[in-house]
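Since the structure comes first, as structure tokens, the remarks are kept for the end.
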Ligand SMILES: Nc1ncnc2c1ncn2[C@@H]1O[C@H](COP(=O)(O)OP(=O)(O)OP(=O)(O)O)[C@@H](O)[C@H]1O
Ligand SMILES: Nc1ncnc2c1ncn2[C@@H]1O[C@H](COP(=O)(O)OP(=O)(O)OP(=O)(O)O)[C@@H](O)[C@H]1O
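Chains as they are written, first to last, in the working numbering: chain Y, 1 to 219; chain X, 1001 to 1219.
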């Protein structure tokens, strides 16, 4: 079990708090907005009304004792930066800070943030992918050339054929790691005679361009 | 190539616009804030200064002609809801809307949004995972019981042993799909004699509890 202090209980900081608390972690929620702090009293281990830029307040909260301090202050870039350097100099062990822009991120990195997150930019990227390639449900970049992707089968030409008949390895240069026929019917490391149906979701591994080529042909 | 109209060029809508534009998609960026619209003129195919709740403006922009309309209005829940129903009734084919809360999401779904996104809540969840299980770099939930995970090896007990010596399949009930030794050295569907080193990243597939158990022992 780890201890977390979150400064800034907006939508990102607040949902981070709820997720950690529901996983039984020790979480202190801090915000200068009294109403917000009250809302989170039900979820957090502890809460405090304080300004992240108030050194005495942070010292009194023993901010250096936490395993992780997350600075989730958004629009007020100045407050985000000043809070981060204050928390760093008070001796925090691991600092996560939310950045509004790449320049903001540069400052945060240079003044001591260990991990920087861009929630909205990251989600903009993910949603763009979902909209441009709706049949690629999830993917992991393994290296700059290889990825692992979950692809939904929508091409009738592939339906009701076995993996060996489709010949993924030679025709598409893809390795099929799993075939999900439905939410409760999945074949891990399937046999060559496994039959593929429309709407099945295949987990495949291969070069990015081969994954994209298969998606383009399949969609 | 698809066409996109984004109403609301905040951090989420704005980064979605930039991502789509950099992938050579046709994007119209709309916001009621003149300065923001000017900033995005350099990235979007077209831009317009308009209020999403202005029916004449949306009709003039031919909002129904786009493949996807994304409503990325945040704090103003009323404007988000009224814009969504307007866009729906003007005949938009596919509507993506950003929701602030689960109640807001319910309303959006009921009035016609096809896809609802919660960027901050989703990122709060992801960052919580990253902080609680720092050696699980990425994961995909395949079913409610099975997942695919990228796990970094930090346990010296496993270092410099072959996959067969560690015996993942019997000891950990995991299937090792790839071993990444470094960003340019990856073994896909590795042989049993593949040797694992500290800091290698293994892509494994197995039951959630087995992935978690391995992570707990490995960390
Ligand atoms: N100096 C400060 N000390 C403590 N809390 C602060 C400070 N400045 C801002 N906050 C709090 O941080 C929270 C998040 O900030 P804000 O709403 O500006 O950003 P946001 O990026 O829109 O947040 P989100 O996207 O996570 O909802 C707010 O609840 C705000 O009250
Ligand atoms: N009725 C409207 N018509 C057009 N644009 C609007 C309307 N209402 C708000 N917007 C724009 O939507 C954008 C995003 O809204 P806002 O800043 O409230 O939300 P946010 O959730 O903080 O955004 P983000 O987290 O994406 O930065 C703003 O640029 C704002 O000008």
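Note that beta-carbon positions come from the ideal geometry of N, C-alpha and C, so glycine has one too. All figures in this text were calculated on a predicted structure; none of them were measured in a lab.
Legend entry - Straight-line gap, residue 145 of chain Y to residue 206 of chain Y (C-alpha atoms, nearest Å): Per the coordinates, the alpha-carbon of residue 145 of chain Y lies some 8 Å from the alpha-carbon of residue 206 of chain Y.
Legend entry - Pair within 8 Å by beta-carbon distance, residue 1069 of chain X and residue 1087 of chain X: Contact: yes.
Legend entry - Pairwise C-alpha distance: residue 100 of chain Y and residue 7 of chain Y: In this model, residue 7 of chain Y and residue 100 of chain Y are separated by some 16 Å (Cα to Cα).
Legend entry - Under 8 Å between C-beta atoms of residue 1032 of chain X and residue 1050 of chain X: The answer is yes: Cβ separation under 8 Å.
Legend entry - Backbone secondary structure at residue 1004 of chain X - three-state DSSP: Reduced to three states, the DSSP call for residue 1004 of chain X is strand.
Legend entry - Residues that DSSP places opposite residue 186 of chain Y in a beta bridge: Y:180, per the DSSP bridge assignment.
Legend entry - Delimiting residues of the beta strand (DSSP E) encompassing residue 203 of chain Y: From DSSP, the beta strand (DSSP E) with residue 203 of chain Y extends over 201 to 207.
Inset, instruction - Determine which residues of the stretch 1151 to 1163 of chain X have a Cβ less than 9 Å from any Cβ of chain Y, and write them out in chain order. - result: The stretch 1151 to 1163 of chain X vs chain Y, Cβ under 9 Å: nothing.
Inset, instruction - Identify the contact partners of residue 173 of chain Y in chain X, using a Cβ-Cβ distance below 9 Å as the criterion. - result: Those within 9 Å of residue 173 of chain Y in chain X number zero; the least Cβ separation is about 11 Å.
Inset, instruction - Specify whether the stretch 1007 to 1021 of chain X and the stretch 1072 to 1080 of chain X touch according to this definition: at least 3 beta carbon pairs, one from each stretch, less than 8 Å apart. - result: Result yes; three or more Cβ-Cβ pairs closer than 8 Å.
Legend entry - With 16 other Cβ atoms within 10 Å as the buried cut-off, status of residue 1103 of chain X: Result: exposed.
Inset, instruction - Look at the alpha carbon of residue 1024 of chain X and the alpha carbon of residue 143 of chain Y, and state the distance between them as a whole number of angstroms. - result: Taken atom to atom, the span from the alpha-carbon of residue 1024 of chain X to that of residue 143 of chain Y is near 24 Å.
Inset, instruction - Return yes when at least one heavy atom of ligand 1 lies under 7 Å from the C-beta of residue 29 of chain Y, else no. - result: Answer for residue 29 of chain Y: no, Cβ out of range of ligand 1.
Legend entry - Top-ranked residue by Cα proximity to residue 190 of chain Y, from Y:184, Y:29, Y:12, Y:180: Residue 190 of chain Y has its Cα closest to that of Y:180, out of Y:184, Y:29, Y:12, Y:180.
Inset, instruction - Could you pull out every residue in the same chain whose Cβ sits closer than 7 Å to the Cβ of residue 1177 of chain X, ignoring the five residues on either side in sequence? - result: So the qualifying residues of the chain are 1189, 1203, 1204, 1205.
Legend entry - Residues sharing a beta bridge with residue 1115 of chain X, DSSP: BP columns for residue 1115 of chain X point to X:1096.
Inset, instruction - For residue 1026 of chain X, collect the residues of the same chain with a Cβ closer than 6 Å to its Cβ; drop the 5 residues on either side in sequence, then sort them by chain order. - result: Taken in chain order, the residues that qualify are 1003, 1045.
Legend entry - Residues near residue 17 of chain Y in its chain [Cβ-Cβ closer than 7 Å; skip 5 each side]: Setting aside the 5 residues that flank it on each side, residue 17 of chain Y is surrounded in the same chain by 6, 9, 27, 29, 40, 43, 44, each with a C-beta closer than 7 Å to its C-beta; the list follows chain order.
Legend entry - Interface residues of chain A facing residue 12 of chain Y [CB-CB closer than 7 Å]: No chain A appears in the structure shown, which is made up of the protein chains Y and X.
Inset, instruction - Tell me whether residue 76 of chain Y counts as near ligand 2, meaning its Cβ is closer than 7 Å to at least one heavy atom of that ligand. - result: In this structure, ligand 2 has no non-hydrogen atom nearer than 7 Å to the beta-carbon of residue 76 of chain Y.
Inset, instruction - Could you name the residues of the same chain whose beta carbon sits closer than 8 Å to that of residue 37 of chain Y, not counting the 5 residues immediately before and after it, in chain order? - result: Once the five neighbours on either side are set aside, the close Cβ partners of residue 37 of chain Y are 9, 29, 30, 31, 47, 48, 49.
Inset, instruction - Find out if the Cβ-Cβ distance for the pair residue 63 of chain Y, residue 90 of chain Y is shorter than 8 Å. - result: Annotated as proximal: residue 63 of chain Y and residue 90 of chain Y, with beta-carbon spacing under 8 Å.
Inset, instruction - Give a yes or no on whether 8 Å exceeds the smallest Cβ distance from residue 1068 of chain X to chain Y. - result: It does; some Cβ of chain Y falls within 8 Å.
Legend entry - residue 1123 of chain X vs residue 122 of chain Y beta-carbon contact at 8 Å: Going by C-beta atoms, residue 1123 of chain X is nearer than 8 Å to residue 122 of chain Y.
Inset, instruction - Grab the span of the alpha helix (DSSP H) containing residue 1086 of chain X for me, first residue to last. - result: Following the DSSP letters along the chain, one finds residue 1086 of chain X inside the alpha helix (DSSP H) bounded by residues 1077 to 1089.
Inset, instruction - Measure the C-alpha to C-alpha separation of residue 1140 of chain X and residue 152 of chain Y and round it to an integer number of angstroms. - result: Taking the CA atoms as reference points, residue 1140 of chain X sits about 14 Å from residue 152 of chain Y.
Legend entry - Bridge-paired residues (DSSP) for residue 1160 of chain X: None; residue 1160 of chain X has no bridge partner.
Legend entry - For residue 1147 of chain X and residue 1211 of chain X, the rounded distance between their alpha carbons: The alpha-carbon atoms of residue 1211 of chain X and residue 1147 of chain X are separated by roughly 8 Å.
Legend entry - Where the beta strand (DSSP E) containing residue 1110 of chain X begins and where it ends: Counting along the chain, residue 1110 of chain X falls outside any beta strand (DSSP E), though it belongs to the alpha helix (DSSP H) covering 1102 to 1110.
Inset, instruction - Note down, in chain order, each residue of its chain lying with its Cβ closer than 7 Å to the Cβ of residue 93 of chain Y, except the 5 sequence neighbours on either side. - result: Correct list, in chain order: 67.
Inset, instruction - Compare the C-beta of residue 143 of chain Y with all C-beta atoms of chain X and state if any pair is closer than 8 Å. - result: Chain X, which has a Cβ nearer than 8 Å to the Cβ of residue 143 of chain Y, makes this yes.
Legend entry - Beta-carbon contacts of residue 216 of chain Y that lie in its chain and below 8 Å, excluding the five residues immediately before and after: Apart from sequence neighbours up to five positions away, no residue of its chain approaches residue 216 of chain Y with a beta-carbon distance below 8 Å.
Legend entry - Distance CB(residue 1214 of chain X)-CB(residue 1174 of chain X) smaller than 8 Å: In contact: residue 1214 of chain X and residue 1174 of chain X (Cβ atoms closer than 8 Å).
Inset, instruction - Please look up how many angstroms separate the CB atoms of residue 197 of chain Y and residue 138 of chain Y, rounded, as I've assumed it's under 8 Å. - result: Contact doesn't hold; Cβ gap of about 20 Å is too wide.
Inset, instruction - Return the Cβ separation of residue 1155 of chain X and residue 1218 of chain X in integer angstroms, given the expectation that the two are a contact with Cβ distance under 8 Å. - result: The beta-carbon separation of residue 1155 of chain X and residue 1218 of chain X, rounded to 5 Å, stays under the 8 Å limit for a contact.
Inset, instruction - From the DSSP output, read off the bridge partner residues of residue 1150 of chain X. - result: Per DSSP, the beta-bridge partners of residue 1150 of chain X are X:1138, X:1203.
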